[in-house]
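J.: Going by the numbering used here, the first residue of the sequence shown is number 29, and it counts up by one from there. Cβ coordinates follow ideal geometry from the N, Cα and C atoms, glycine included.
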Amino acid sequence: MERLKNSLGIWMAGKTPTRFMADGYHSEVADEPMPERYARMANGLGDLLDGFEGHYPQEINEEIEKEVLQAIGKKDIYAVALGTFCMPELKMGCFMNPDPGLRRLSMEITKRGIDQAARLNAKFIIWPGNDGYNYPNQADYGEMWKLFIDGLAEAVEYANSKGVPVLLEDKNSEPKMRILLANQATCILVIRKLKDMGIDTTNVKVNMDWQHLIMRGENLPQYANLLSSEGLLGHQHANSGWGQFDDDNIVGASFIEQTFGMAIELQLLGYGKNGERIGYDLFPYTEDQVEAARMSIRVWNHLWQKAAEITEGPMREKFLYARRNLDTIRVLDIVNNVLLGLPMD
């Protein structure tokens, strides 16, 4: 089977700071110009990589657009992600900031980001990580929700006017301790809410960040299927982790069985046939950044090919029959044979 096309979040190639290492584990790239960062990853990964994703305005913007495109050569910018969540002036929120002036600032940046995506023929990811609250009883929940929905509505309408597809990305915590767009169900609710407001949501879908689901204890392929059933499966951010924090570790390092399950499920759902990609959202604290990305891509490409032995091979009908009948032993027999080389019983 042909490999699924991909994109890489350029944020993984920065200093990788944490609150305990504010200057970052990769201080050697602290002064690296952004176009050179793109070039380093593009050259290091070669034909393994098809494109990039970058936050607006930090990693892709009007001033560096031309240089970035020159740096990545034949690769593309597949998605522009909204970067307002890390702006100090918007520390109290972006779409739902209680200050009308700061809400306008947030929307102005959002619209410029959408313009950037339009120029690049890219998708626009909205991960509202700073829209939420930190303490019990801190927020007026109703007012906060209303402002959030109104802000998303304005952003989506503007994106529609520019022909830019929007991808909503959920997460339950961090940077805000309680993020409004907390899970997949809330994404579905928000999109339906926008539709009820008379907004065209044809081009609004969901970006699945795997570690965001894993840290909520959710099974990846189940939710891929759920989003697909609603026509909302728009993009993937592949990674792994320990399950308690947004580690963004190398793909397959943990939860390999769910990662393999995603390869199977995405193939069964026909993911990729309409141009969808696998995006890599990584944060290699101490690892070589090119090698961390390379390992993630190699692992996923391998699992994708192994999954095809089930979805396109002679075991397909037996596998589907076993799943329909919740036949644990038969499913494991097939999966372990393909993934681990364990002889079938």
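1. Can you tell me whether DSSP reads Gly111 as helix, strand or coil?
2. Given that a residue counts as buried once 16 or more other Cβ atoms are within 10 Å of its Cβ, and exposed if not, what is Thr44?
3. Quick one: grab the DSSP three-state call for Phe48.
4. Give the secondary structure of Ile105 by DSSP, where H, G and I count as helix, E and B as strand, and everything else as coil.
5. Using CA atoms only, rank isn't needed, just tell me which of Glu202, Ala107 and Arg206 is closest to Val192.
6. Determine, using beta carbons only, whether Asn253 and Glu293 come nearer to each other than 7 Å.
7. Leaving out the 5 sequence neighbours to the left and right, which residues in its chain are closer than 6 Å to Pro312 when beta-carbon positions are compared?
8. Helix, strand or coil: how does DSSP classify Val192 here?
9. In this structure, how does DSSP classify Asp377 when only helix, strand and coil are distinguished?
10. State buried or exposed for Met124, treating a residue as buried only when at least 16 other CB atoms are found within 10 Å of its CB.
11. Report the start-end ranges of each alpha helix (DSSP H) in the segment 214-293 that is 4 residues or longer and not cut off at the edges.
12. Under a Cβ-count criterion, where at least 16 other Cβ atoms within 10 Å of its own Cβ denotes burial, should Asn277 be classed as buried or exposed?
13. Closest by CA to Val318, which one among Ala281, Lys33 and Arg65?
14. Report buried or exposed for Ala50, applying the criterion of at least 16 other Cβ atoms within 10 angstroms of its Cβ.
15. What do you get for Asn235, buried or exposed, if any count of 16 or more other CB atoms within 10 angstroms of its CB means buried?
16. Can you pull the DSSP bridge partners for His54?
17. In chain order, what residues of the same chain lie with their CB nearer than 6 Å to the CB of Asn365, ignoring the 5 residues before and after it?
18. Only counting the same chain, and skipping five residues up and downstream in sequence, which positions put a Cβ closer than 6 Å to that of Ile245?
19. How would you call Gly369, buried or exposed, if buried means at least 16 neighbouring beta carbons within 10 angstroms?
20. Report the three-state DSSP secondary structure of Arg65 (helix, strand or coil).
21. How would you call Cys114, buried or exposed, if buried means at least 16 neighbouring beta carbons within 10 angstroms?
T.: Let's see:
1. coil
2. buried
3. coil
4. strand
5. Ala107
6. yes
7. Ala320
8. coil
9. The requested residue 377 is not part of the displayed model; the chain covers only 29 to 373.
10. buried
11. 238-242 and 248-257
12. buried
13. Arg65
14. exposed
15. buried
16. According to DSSP, which records beta bridges pairwise, His54 is partnered with nothing at all.
17. Met372
18. It should be pointed out that residue 245 corresponds to Gly in this sequence rather than to Ile. Nothing meets the Cβ criterion.
19. exposed
20. helix
21. exposed
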